[in-house]
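Structure, as structure tokens:
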Amino acid sequence: MSERPVTSREQRPTPALHVLLRCMGYLKPYWHYALGAYLLLLINDGITISMPLIIEHIIDNGVRKTNLYIIVQGAGALMLVAVISGIFTFLNGRWTEIASQNVAYDLRNAINNKLQSLSFSYHDRAEAGQLLTRAISDVDRIRFLTGRAVQRVVEVIMLVTGISISMFILNPQLALLILLVVPPLAYTAINFGMKYRPISRSVQRRVDVLTSRLEQNLRGARIVKGFAQEQPEIKRFEVDNTSLLNLNMMAARLQASNLPLLQLFAGAGTVLVLLYGGHLVIAKVLTIGELVAFTTYAGQLTAPIRRLGMVLGAISQAAASGERIFEILDAQSEVNDAPDAQPIGRISGRVSFEHVSFTYFGTHQVLRDINLEVPAGQIVALLGATGSGKSSVINLIPRFYDPTEGRVLVDGRDIRQVTLNSLREQVGIVLQDTTLFAATVRENIAFGRPEATDEQVIAAATAASAHDFIMQLPKQYDTHVGERGVTLSGGQKQRVAIARAILKDPRVLILDDAMSSVDTETEALIQAALLRLMKGRTSFVIAQRLSTVRQADQVLVLDKGSIVAIGVRTAEHTAHDELLRTSGLYAEIYQRQLRPQELMAAAPVARPPTRLSYQVAGSGGAQ
Numbered sequence: 021m022s023e024r025p026v027t028s029r030e031q032r033p034t035p036a037l038h039v040l041l042r043c044m045g046y047l048k049p050y051w052h053y054a055l056g057a058y059l060l061l062l063i064n065d066g067i068t069i070s071m072p073l074i075i076e077h078i079i080d081n082g083v084r085k086t087n088l089y090i091i092v093q094g095a096g097a098l099m100l101v102a103v104i105s106g107i108f109t110f111l112n113g114r115w116t117e118i119a120s121q122n123v124a125y126d127l128r129n130a131i132n133n134k135l136q137s138l139s140f141s142y143h144d145r146a147e148a149g150q151l152l153t154r155a156i157s158d159v160d161r162i163r164f165l166t167g168r169a170v171q172r173v174v175e176v177i178m179l180v181t182g183i184s185i186s187m188f189i190l191n192p193q194l195a196l197l198i199l200l201v202v203p204p205l206a207y208t209a210i211n212f213g214m215k216y217r218p219i220s221r222s223v224q225r226r227v228d229v230l231t232s233r234l235e236q237n238l239r240g241a242r243i244v245k246g247f248a249q250e251q252p253e254i255k256r257f258e259v260d261n262t263s264l265l266n267l268n269m270m271a272a273r274l275q276a277s278n279l280p281l282l283q284l285f286a287g288a289g290t291v292l293v294l295l296y297g298g299h300l301v302i303a304k305v306l307t308i309g310e311l312v313a314f315t316t317y318a319g320q321l322t323a324p325i326r327r328l329g330m331v332l333g334a335i336s337q338a339a340a341s342g343e344r345i346f347e348i349l350d351a352q353s354e355v356n357d358a359p360d361a362q363p364i365g366r367i368s369g370r371v372s373f374e375h376v377s378f379t380y381f382g383t384h385q386v387l388r389d390i391n392l393e394v395p396a397g398q399i400v401a402l403l404g405a406t407g408s409g410k411s412s413v414i415n416l417i418p419r420f421y422d423p424t425e426g427r428v429l430v431d432g433r434d435i436r437q438v439t440l441n442s443l444r445e446q447v448g449i450v451l452q453d454t455t456l457f458a459a460t461v462r463e464n465i466a467f468g469r470p471e472a473t474d475e476q477v478i479a480a481a482t483a484a485s486a487h488d489f490i491m492q493l494p495k496q497y498d499t500h501v502g503e504r505g506v507t508l509s510g511g512q513k514q515r516v517a518i519a520r521a522i523l524k525d526p527r528v529l530i531l532d533d534a535m536s537s538v539d540t541e542t543e544a545l546i547q548a549a550l551l552r553l554m555k556g557r558t559s560f561v562i563a564q565r566l567s568t569v570r571q572a573d574q575v576l577v578l579d580k581g582s583i584v585a586i587g588v589r590t591a592e593h594t595a596h597d598e599l600l601r602t603s604g605l606y607a608e609i610y611q612r613q614l615r616p617q618e619l620m621a622a623a624p625v626a627r628p629p630t631r632l633s634y635q636v637a638g639s640g641g642a643q
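Each residue of the sequence shown is one higher than the one before, counting from 21 in the numbering used here.
Below you can see the structure in the form of structure tokens.
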């Protein structure tokens, strides 16, 4: 089963009951808290039902008969049950929150763990803003569902049942009259919940879009400002925000049209009790105490049913949220450990491609019949136009993706037959678009080996030509680099990434040594650090510099997903020299991309004219 990304397109909704039951299943580890909370709820409902009967006893046997002892006794009983109810309510709330907060904790962990385990093809299609929304706001709705929401439904069922029985015991005719308002009240509440669910799904999808828009604008703030696109981005956000506003207004109108109906039916029940109950009191069929009890019961009966409309709306939202969360949790990664996968052990670094083809998403073929043999310790440079397949080749080595056809081998073993962790622990990656985390320099360098000592971190930074600039930072190795390392220059970030790879001590390296955005001095430092990093390791380099090509043991020229030329270093010539003689495409790449670097490096540095020489030239030599 291929993994399904999070998208905003319409999907067939899962039955709400199935989703809700699955959500409630997350309470299983905390069943003792949930069970205790529901038992206390049951006791509290019993107390609630008993209070009108106590009031009836006080009025009929105390007030009417002027019996002060009965009044004091009844008041004491009311106080006692109120205190007990308060204690039970506190414990109910505490245990409910413990259970529901732990459900939210488990769900957030499950989502994060799942996102970490899913392969790159999932993240290629998913939007970060949508994933954030589901991990935060959708999980919070599930927390409310497993906590207060279902309790409110149970409370309504228990109260309606208990109050109905109590009223029938007091006076069946008046009980039937009051219960006439229950069906329309319940119908309105349930109908509201059913209509609210599809709207809540649309609201949540629109929140996804809005969050993604905001996240992209924050991530690309420099680009937005650099291209003076603040106003267009503001307008795009406003369009999405307006759509969300319209959906929320639709939900508000639905609430506004249903909640007054609920209040109307609830009020009608009280009016019927007073009218018919008053007649029965005058006819001496009903006592004043019983009328007060019935009036109290009417309020107790209609209030939770009236709240049921809001609770059902929240449950509808939770069902939509649960469906969205389970879309993530049920996604199947395309790259997994085989059932019989074994750790690969310490490798030498020999890498082979055997008839490898690869297609993105089953539709876009990017590699065709790649065959390659790389002995351990060799440097392989990959060249080709954009879209030729260079990145796809290197992404297959650590199993970011699996080939559609053929196989990739490390030390003669198909990498699909070894565990992912044991493979990736021995693969180091340094790319031009360096990713640093919002943490200290030390934590970024030690990312692959958190247990590394300070001496090992410093040694790796020194080997990467990073130690000197780190010591000039405000807090040196304890300096926070900001989100994505924005407080460092491009060359500094790349040297930190090289230090991270050196500390990991991988057997296979994947490098993008493009340095067009750094100055000559920084380029020399990075180049020296890369040479130290590649020494004794099998290295795959997406080459942008002639110096890298000259150092390579093999140079691969790719075009439209195929290897069209291979140059191999020998004792007599470099791979570069061989390709110049044998490959017209490489010669074209050399003339267009690599030779200008050679000429620039060979050209003498021109000094700007002094002010005096400018004046002489401009005045024809006159002073």
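By construction, the Cβ of each residue, glycine as well, lies at the ideal position given by its N, Cα and C atoms.
Note that this is a predicted model, so its numbers are computed, not measured.
- In this structure, Ala313 is the residue among Ala313, Leu47 and Arg436 with its C-alpha nearest to the C-alpha of Asn191.
- Annotated as distal: Arg520 and Ile586, with beta-carbon spacing of 8 Å or more.
- Under the three-state reduction of DSSP, Ala95 is assigned to helix.
- By the neighbour-count definition (other C-beta atoms within 10 Å, threshold 16), Leu41 is an exposed residue.
- Residue pairing by DSSP places Leu578 opposite Gly404 and Ile583 in a beta bridge.
- Its chain contains Ile162, Leu165, Thr166, Ala338 and Gly342 as the residues whose beta carbon lies nearer than 7 Å to that of Cys43, once the 5 sequence neighbours on both sides are disregarded; these appear in chain order.
- Residues Thr379 of the same chain have their beta carbon placed closer than 6 Å to that of Gln385, with the five preceding and five following residues left out of the count.
- Distance from the CA atom of Glu374 to the CA atom of Asp434, rounded to whole angstroms, is 10 Å.
- By the criterion of a C-beta distance shorter than 6 Å, Ala57 is surrounded in its chain by Asn112, Trp115 and Thr116, once the five residues flanking it on both sides are discounted.
- When only Cα atoms are considered, Gln193 and Gly66 end up about 23 Å apart.
- Minimum Cα-Cα distance from Arg612 among the listed residues Lys410, Leu403, Ile417 and Lys555 corresponds to Leu403.
- Scanning Ala595, Asp228 and Ser377 for the CA closest to the CA of Lys580 turns up Ser377.
- In the structure shown, Phe257 falls within a helical segment according to DSSP collapsed to helix, strand and coil.
- Here Met269 is exposed. Its C-beta has fewer than 16 other C-beta atoms within 10 Å.
- Between the segment 478–487 and the segment 508–520, the count of Cβ pairs shorter than 8 Å is three or higher; the stretches touch.
- Per DSSP, Leu387 is one residue of the beta strand (DSSP E) stretching across His384 to Val394.
- Nearest Cα to Glu310 within the set Glu347, Leu553, His500 and Asn81: Asn81.
- Within the segment 176–241, complete alpha helix (DSSP H) segments of at least 4 residues are found at 192–199 and 202–239, given in chain order.
- Beta-bridge partners of Gly448 (DSSP): Leu529.
- Assignment of beta-bridge partners to Tyr380 by DSSP yields His384.
- Between Leu60 and Arg84, the alpha-carbon positions lie close to 35 Å from each other.
- Our two residues, Leu279 and Tyr125, have alpha carbons roughly 33 Å apart in a direct line.
- Burial of Asp228 is indicated by the presence of at least 16 other C-beta atoms within 10 angstroms of its C-beta.
- In the three-state reduction of the DSSP assignment, Val430 falls in the strand class.
- By the 16-neighbour rule on beta-carbons within 10 angstroms, Glu608 is exposed.
- Distance between Ala97 and Ser277, taken at the CA atoms: about 41 Å.
- With contact defined as three or more Cβ pairs closer than 8 Å, the segment 446–457 and the segment 386–399 are not in contact.
- In the three-state DSSP reduction, Glu374 falls in the strand class (E or B).
- In the three-state reduction of the DSSP assignment, Thr558 falls in the strand class.
- Assignment of beta-bridge partners to Val569 by DSSP yields no partner.
- In terms of CA proximity to Gln547, Gln512 leads the group Leu295, Val575 and Gln512.
- In the three-state reduction of the DSSP assignment, Glu592 falls in the coil class, being assigned neither a helical nor a strand state.
- In the DSSP annotation of this structure, the continuous segment of the alpha helix (DSSP H) that includes Ala481 starts and ends at Asp474 to Ala483.
- Here the C-alpha atom of Val371 lies approximately 20 Å from the C-alpha atom of Thr590.
- Rounded to the nearest angstrom, the Cβ distance from Leu605 to Val577 is 6 Å, consistent with a contact under 8 Å.
- Val413 carries a helical assignment under DSSP once its states are collapsed to helix, strand and coil.
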